[in-house]
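Beneath this line is the structure, given in C-alpha cells, with notes to follow.
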Amino acid sequence: MMPSNGTRSLLWGLSEVEEKMGWRQSLQGADVPMGRTIYLNEPLRNAFCENSISTAKYSMWSFLPRYLYLQFSKTANAFFLFITILQQIPDVSPTGKYTTLVPLLVILVISGIKEIVEDYKRHMADKLVNSKNTIVLRQNAWQMILWKEVNVGDIVKATNGQFLPADMVLISSSEPQATCFVATSNLDGETNLKIRQALSETATMKTEKQLSNLSGKIKCEEPNFHFNSFAGTLYLNEKSPISIGPDQVLLRGTQLKNTEWILGIVVYTGFETKFMQNAVKSPLKRSKVEKVTNMQILVLFLLLLVMSLVSCVGAIYWKDRYRAEPWYIGKSDYDYHSFGFDLLVFIILYHNLIPISLLVTLEIVKYIQALFINWDEDMHFKGSNVYAMARTSNLNEELGQVEYLFSDKTGTLTCNVMTFKKCSIAGITYGDLSSKSDDGAKGLSQSPCFISDAYEFNDPALLQNFENDHPTKEYIKEFLTLLCVCHTVVPEREGNNISYQASSPDEAALVKGAKKLGFVFTTRMPNSVTIEAMGEELTFEILNVLEFSSNRKRMSIIVRTPEGRLRLYCKGADSVIYERLSENSLFVEETLVHLENFAKEGLRTLCVAYIDLTEIEYEQWLVMYKKAITVVKDRMKTLEDCYDSIEKKFLLLGATAIEDRLQARVPETITSLLKANIKIWVLTGDKQETAINIAYSCKLLSGQMPRIQLNANSLEATQQVISQNCQDLGALLGKENDLALIIDGKTLKYALHVEVRKCFLNLALSCRTVLCCRLSPLQKAEIVDVVKKQVKAITLAIGDGANDVGMIQTAHVGVGISGNEGMLATNNSDYAIAQFSYLEKLLLVHGAWNYFRVTKCILYCFYKNVVLYIIELWFAIVNGFSGQIIFERWCISLYNVIFTSLPPFTLGIFERCCSQESLLRYPQLYRISQTGDIFNIKVLWIQCINAIVHSFILFWLPAKMLEHDMVLQSGYTTDYLFLGNFIYTYVVVTVCLKAGLETMSWNKFTHFAIWGSIMIWLGFFAVYSSLWPTVPVAPEMTGQGSMALVCPHFWLGFFIVPIVCLIQNVAWKSIRNTCHRTLLEEVREMESSGVQVLRRDSVQSFKVEEVNLQRSSSPRPCQVIFRNNSVDLGAPHGYAFSQVERAVISQEELVRSYDTTKNKPQKTFSSATLE
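According to my numbering, the sequence shown is numbered sequentially starting from 120.
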C-alpha cells in the first residue's frame, strides 16, 4: 500500500532535515538499488502516488484540528484559553464567566477566516498547475486529460513548447535519430538546451497500434533528488534487457524545445518527481518582530504572576493586620487552600495585562497591508495583467528588515533571451548606437523580456562599409560568413520565413544577427550548409566539426568553400584564440581593447578567426583524427589534443558581443538596494563565466574589483585556498571590502563542510559581491540556511524556477517571479512579483512602511493594556487586596474590542514614516527599519514603564481628587464605581491622545480613530448606565452616567489628567527631534516644507547616509596583497559559450543527422489531438 499524501509530505520533510542541514550527499556513481517496477500498458499493476501537487497548508478535513493546534501553540491564545476555563469555576472569577471567552472566540473566527482566504488562494494556484492539459494513450486512443490524472506507466505525448507533466522515459520523437531538446533552466538554471535520445529499440514506435502493443516492464531506482542520474532497465517481451540512463529521461518541469513532438512512458509522478524531491518542506515562518513579541508576552505573563503573588502576600498581610476588625467581614484562618484560591482570583483579575486584542489586530492589519501590496499599480505588470501578490501576510514587516538578498540569475535578473548586440571587425567596433536604441525602445513595452529591433544590433555603418568597398570589406564578408557556417543551428522554413533551432542560445543569436545583416543561413544537409550572402547562394561542404567543451572553450569547423579551398573557422574565448594567433594576424591590440570594453558592459564575447589549410595538412591531420576517434582509453583527451594540433596560426577576424538581456531596471534596482545596505548574492545553476558577465551587467561587479575565484577539487585544496585568502585579508577579514567572491557548486560542497564552513563564511562576508555558480537546488537552500543561522540576519531569496523553491522556502522571506518557467516558484513563495525591479518598492516602501506600522501597533497595544490593567493593582492596594475590580466587568472586556480598537488599526494600516517618493529617493532610510532600533526589547519595556507611570498618575490623581468623597446635586454619594468611571474615561482619552503623539502621518482616518474613540466611549457610558432595568444588564452602572457627566470634577480631570500624563512624552519627543535629528526627521521636514531634494551636505551629515553613500559610490580598490593564484586582478573577460557538451549524441552527429531539404517525419497520430 502506498503512503498517503500527508504521510508522504511528512516523510519528505524528514528526509529534507536529513543530515540536518548537513544536506544529502550525491549518490552519483553509487550503486542504486532497483526499487520500482513499472508494467507497460498494465495500469492496474502500477499503484504509485498521484500526479497532483499541493502547496496549501490545509485541506477540508485537516483545517480545524491543524488550525486550532497552530492557534493554541501561540502562547497568548493558550493563556486566554486557560483563563476562560478558570472563569467557569464558580465564585472564582471577579470579571464574570464570558468576558474572556467571547473576545477569544471573535479572535479565532477572524483569524480563521483570514487563514481560509489565504489558503484558498494557494489551492487556486495549485489548481492552475494540476489542471493543465496533456495527451496520454488510453484504451488504444489518444485522450486529453489533466496533469493530476497522469499515472505512472502512462504513455504521454508532448509537443513543442509544452512543459512536461511528469518524469518519463523517452520512447520516440519527431527528430532525426529520435532526439529531442529540452530547456532545463527551470531545474538547474542553465540557459543551453539539453539533448535527449530515445533507445533505438523504441525509436520506431510512433503509432497508436505500436504503442498499445508495447509489452514489458521498466525496473528503475526509487524516487530521488538527483537531476543528472537515473538507473533503469527496459524489459521488452522476447528481447534482451536494455539499459536506461539519464540521457533517455525527461523530467517534470522541463520544457520541450525545437522538437515537434515526443512520446514518453511516465516513471515518476507528483511528489516523487525529481524536482519535487528537491523541494524542502514548506516551513512555518514567523517574523523576527513576532518572535520578540511572543517572548515579551511570556515576560508579561511572568509579571502577571509576580503581581498575583504580591497581591496574595498583600492579602495575607492585610488580614493579619486587621484580624480583629472590621467585625462585619466574616473571616476564617488563612490556609493554603485560601492562598491558591486568591492566586486564581488575582490571575483572572490581572489577566487582561496580556493584550488579547493584539493578535487579532495584527491579523487584520497585516491582511490589509497585504491587500495594499496586491493593489499596488506600480507593481502591476500590464503586459500580462499580473499584479504583485502577497501569498502570506505574516511576514509583511520582515520585508523592512532584509539584510541579505539571494537571487537566481536566469529568468530573475535576465530574460534568458540572447541578442547580437555589438561586434569588432578588423579593428573597427560596430553597434555603438545602443544609447540611441535604448532611447528609442523606451515605452515599447513594460515586459522585462521584450525584444525589438531597437534592442538588437543596430549600426548601419557595417553594411555601408561592406557596400562602399571599404578596405575592410573582405574581413566583414568573412566574419559574417563564419557566423553563418560555424555552428550547430538547424534552420526551419515556413513559407518564406526561416526560424532557427539551436541548443545554444548564443549560436542562435549570432546566426540571427548575421541574417539581419544580409548573410542568411538557409539549409543544412548532412554534409553541407548553404547560405545566402547578400543574395548570392553559397554552399560549404562540412568536413569535420571540432566540438566545443568547457576545457577547449572553443568550437571549430573545417569546410570546403565554394571556391574549393579548405578553411577552418573557429570561435571561442579570447584567451584560447589569442594564444593560437599567427604572427601575421592584424588588429590584435585593437580587438583586445574592444573585448575588454564589451566585457565591462557585461556582454558575452567570442573571438572569431580562421585559417586556410593545404590539402597535405588536412590529409595528415585526418589520419591523426581517425586514430583518435578509435582510441578506447582517454578518448576525449586524445581528441582534444588532435583538435589542438590543427587549431593554430589563426588569422583574427574580430569579436562578437552578445547581450543576455537583463530584465527592466535591474541595474538601477540593485544599485538602490545596495544603498539600502542590502547585501546581494547571486546563486545560479549556470556557468561561472555567464554569471560573471551578468554581474557586470547588473553593476554588481566593477572593472577594478579583484575577483576571488574558488575552484577546487578536494576538501584539502578548498580549505587551503580559503585559509590563504583569509590570511591575506588580515585585519580586513569580516569587514566588507571591494572584493568579489566567485565559487562553483563542486567547491561549495567542500566549503560548507563543518571544518571549513566558518572560514568560508568569514571570507564571503568580507566581500561586497558573492557569486555562486553551478549550484544544485539543495545547495542554493543550504547556503541560504548557513547565512540565516550563522549571521543571524534577515534573508530574502528570489527566483522564478523550480530549482529556486528550496532557497525560497528556506529564507526568512521568499519571493517568486511570475515568469516563463512555470508557477512552482510562485506557488511556494511568500510574495510573488512579475519583475525583479518591483523588489525595490516591495522592500524600500512596503517593507519600511509595514515595519513602522506593525511595530507601532504592537508597542501601542502593549502600552494601552498596561495603562488600564495595572490600575487594578493600584486599586488592590486600597481595597485590602480583596480581588474587587474598579471597573464594570463588560467595560473591561470592551476596552480593547471597541473603545481603543481604532487607534491601533490606523497606526497599523495608514501610518507612514514618509512618502514613497522619499523612500525611493533616499534608500538609506531603509536602514532605520533594517537595524530594528525602533522595535526591540529595550524599546518595548521603555514603553511599558511609560505606561506604568501613566497608570500611576491616572489612578492616584483622580483618587486623591475624590479622596474626601463628595455629595452630588441629587443627594447621592459616590462609590468605588464612580471613581472607576472617572479613571476609565481618563484612560480612554489618554491612550487615544498617545496614539496621536505616535502618529507621523495624520489623515481623516486618524482623526476619526482618535476623536471618534473618545466620543464612542462617552456615548456608550451615557447609554449603558441607563439600560437597567429595561435591559437586565449592569445594574451597578445605573445612574453612573448622569452623575459623572454633570460633575464639574469629572470635566476638570478630563482635561488635566491626560495633560499631566502626556506632557513628559511631548517634551521628550520635542527634545529628541531637535537635538538628535536623524535622516528621517530631515526628510520629513523637507516634505512638510515642500522642498523636493535635500541639500547634499545636509544628507551627508547623518551617519546612516554617509555609510551607505560610501557603499554605493565607486569604492576604492581593495589594498590587499594576495599571495595565491585564486584572485583575478586583471581586466574582465566576457567569454561565455552556452553549448551542450558530452551529450548522448555528439555535435557532429547532431548536425549530420539533419536534412532540411526534406520534410520531417509525418505525425502518425490524429492532428486534432495536438490542438
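Even for Gly, the Cβ is constructed at its ideal location relative to N, Cα and C.
Does the beta-carbon of N513 have 16 or more other beta-carbons within 10 angstroms, so that it is buried, or is it exposed?
Counted from its first residue, the sequence shown places residue 513 at position 394. Buried.
Between the Cα of S1037 and the Cα atoms of K960, I544, Q396, I1017, which residue gives the shortest distance?
Locating residue 1037 in the sequence shown gives position 918, counting from the first residue. It is K960 whose Cα lies nearest to the Cα of S1037.
I789 by DSSP, collapsed to three states: which one?
Position 670 of the sequence shown, counted from the start, is the residue given in the question as residue 789. Of the three classes helix, strand and coil, the one that applies to I789 here is helix, per DSSP.
Quick one: Cα of A322 to Cα of S622, how far?
Within the sequence shown, numbered from 1, the residue matching residue 322 stands at position 203. Within the sequence shown, numbered from 1, the residue matching residue 622 stands at position 503. Rounded to the nearest angstrom, the two C-alpha atoms are 21 Å apart.
From L289, T480, L771, residue whose alpha carbon lies closest to that of V695
Taking the first residue of the sequence shown as 1, we reach residue 695 at position 576. It is L771 whose Cα lies nearest to the Cα of V695.
Mind reading off the beta-carbon distance from I913 to C891? Whole number of angstroms is fine, and I expect it under 8 Å.
Numbered from 1 along the sequence shown, position 794 holds the residue referred to as residue 913. Numbered from 1 along the sequence shown, position 772 holds the residue referred to as residue 891. Actually they are not in contact, since the Cβ atoms of I913 and C891 sit about 20 Å apart, beyond 8 Å.
Considering only their Cβ atoms, is the gap separating G632 from L602 smaller than 8 Å?
If you number the sequence shown from 1, residue 602 lands on position 483. If you number the sequence shown from 1, residue 632 lands on position 513. Cβ distance < 8 Å, so L602 and G632 count as in contact.
Hey, is the region 507-522 in contact with the region 946-955, meaning 3+ C-beta pairs nearer than 8 Å?
yes
Cross-strand partners of V368 (DSSP beta bridge)
As a position in the sequence shown, residue 368 is number 249, starting the count at 1. Answer is V288, bridged to V368.
Tell whether a beta-carbon distance below 8 Å holds between T538 and R780.
Working through the sequence shown from its first residue, we reach residue 538 at position 419. Working through the sequence shown from its first residue, we reach residue 780 at position 661. A contact, by the Cβ cut-off of 8 Å.
L265 versus I254: straight-line alpha-carbon distance, rounded
Against the sequence shown, residue 265 aligns to sequence position 146. Against the sequence shown, residue 254 aligns to sequence position 135. If you take the alpha carbons of L265 and I254, they lie about 8 Å apart.
Return the bridge partner residues of I547 from the DSSP annotation.
The residue given as residue 547 occupies position 428 in the sequence shown. Answer is I544.
Counting Cβ pairs closer than 8 Å, one from the region 481-489 and one from the region 220-240, do we hit at least three?
yes
Any contact between the region 366-386 and the region 881-897? By contact I mean 3 or more CB pairs, one from each, below 8 Å.
With the cut-off at 8 Å, the region 366-386 and the region 881-897 do not touch.
Judging by CA-CA distance, which residue of T219, N270, Q396, V211 is the nearest neighbour of A458?
Locating residue 458 in the sequence shown gives position 339, counting from the first residue. The question names Ala, but residue 458 is Phe in the sequence shown. Measuring from the Cα of F458, the nearest candidate turns out to be V211.
W380 beta carbon less than 8 Å from that of T278
Within the sequence shown, numbered from 1, the residue matching residue 278 stands at position 159. Within the sequence shown, numbered from 1, the residue matching residue 380 stands at position 261. Cβ distance < 8 Å, so T278 and W380 count as in contact.
By the DSSP assignment, the alpha helix (DSSP H) with N969 in it spans what residues?
To locate residue 969, count along the sequence shown from 1; it is residue 850. Note, N969: alpha helix (DSSP H), 967-988.
How about T1025 and F1124: do their beta carbons lie closer than 8 Å?
Taking the first residue of the sequence shown as position 1, residue 1025 is located at position 906. Taking the first residue of the sequence shown as position 1, residue 1124 is located at position 1005. Yes. Within cutoff.
Only counting the same chain, and skipping five residues up and downstream in sequence, which positions put a Cβ closer than 7 Å to that of A260?
Along the sequence shown, read from residue 1 onward, the residue named residue 260 stands at position 141. For A260, where only same-chain residues beyond five positions count, the Cβ hits under 7 Å are E327.
Please report how far the alpha carbon of R1046 lies from the alpha carbon of F1018, in whole angstroms.
The residue given as residue 1046 occupies position 927 in the sequence shown. The residue given as residue 1018 occupies position 899 in the sequence shown. For R1046 and F1018, the distance between alpha carbons rounds to 35 Å.
With H, G and I counted as helix, E and B as strand and the rest as coil, what does DSSP make of F344?
Taking the first residue of the sequence shown as 1, we reach residue 344 at position 225. If DSSP states are grouped into helix, strand and coil, F344 belongs with coil.
Cα-Cα separation, P213 to M1162:
Here the question's residue 213 lines up with position 94 in the sequence shown. Here the question's residue 1162 lines up with position 1043 in the sequence shown. Taking the straight line from one Cα to the other gives about 25 Å.
Cα-Cα, which of V1108, I1133, A1078 is closest to H1168?
In the sequence shown, counting from the first residue as 1, residue 1168 sits at position 1049. Answer by Cα proximity: A1078.
Give me the Cα-Cα distance between T680 and R723, rounded to the nearest whole angstrom.
As a working mapping, residue 680 is identified with position 561 in the sequence shown. As a working mapping, residue 723 is identified with position 604 in the sequence shown. Distance between the alpha carbons of T680 and R723: 29 Å.
Rounded straight-line distance, which links the Cα of E1030 to that of N844:
Numbered from its first residue, the sequence shown carries residue 844 at position 725. Numbered from its first residue, the sequence shown carries residue 1030 at position 911. Their Cα atoms are separated by approximately 47 Å.
Alpha-carbon spacing of C1063 relative to Q207, whole angstroms
Here residue 1063 refers to the residue found at position 944 when the sequence shown is read from its first residue. Here residue 207 refers to the residue found at position 88 when the sequence shown is read from its first residue. Looking at the two C-alpha atoms, the distance is approximately 31 Å.
Is it true that the CB of F638 sits closer than 8 Å to the CB of T788?
Taking the first residue of the sequence shown as position 1, residue 788 is located at position 669. Taking the first residue of the sequence shown as position 1, residue 638 is located at position 519. Cβ atoms of T788 and F638: not closer than 8 Å.
Using the rule of at least 16 other Cβ atoms within 10 Å of the residue's Cβ for burial, across every protein chain shown, is N1227 buried or exposed?
Here residue 1227 refers to the residue found at position 1108 when the sequence shown is read from its first residue. At N1227 the pLDDT is 44, less than 50, meaning the model places this residue with poor confidence; the figure from the coordinates comes in the next sentence. Around the CB of N1227, 16 or more other CB atoms lie within 10 Å, so the residue is classed as buried.
Which word fits M1085, buried or exposed, when buried means at least 16 other C-beta atoms lie within 10 angstroms of its C-beta?
As a position in the sequence shown, residue 1085 is number 966, starting the count at 1. Around the beta-carbon of M1085, fewer than 16 other beta-carbon atoms lie within 10 Å, marking it exposed.
W437 by DSSP, collapsed to three states: which one?
Counting from one through the sequence shown, the residue named residue 437 turns up at place 318. Note: W437 maps to helix in three-state DSSP.
Would you tell me roughly how many angstroms separate the C-alpha atoms of E409 and I977, rounded to the nearest one?
Counted from its first residue, the sequence shown places residue 409 at position 290. Counted from its first residue, the sequence shown places residue 977 at position 858. Going by the C-alpha atoms only, they are around 9 Å apart.
L700 versus G773 - alpha carbon distance:
Along the sequence shown, one-based indexing puts residue 700 at 581. Along the sequence shown, one-based indexing puts residue 773 at 654. Cα to Cα, the separation comes out at about 12 Å.
Counting only runs that start and end within the region 1108-1162, where is the beta strand (DSSP E) found for 3 or more residues in a row?
none
Considering only the beta carbon of each residue, do K267 and N170 sit closer than 8 Å?
Taking the first residue of the sequence shown as position 1, residue 267 is located at position 148. Taking the first residue of the sequence shown as position 1, residue 170 is located at position 51. Their beta carbons are under 8 Å apart, which means K267 touches N170 by this criterion.
For S430, does the three-state DSSP call read helix, strand or coil?
Translated into positions along the sequence shown, residue 430 becomes position 311. If DSSP states are grouped into helix, strand and coil, S430 belongs with the helices.
Quick one: give me the first and last residue of the beta strand (DSSP E) that M674 is part of.
Against the sequence shown, residue 674 aligns to sequence position 555. Start and end: 673-679.
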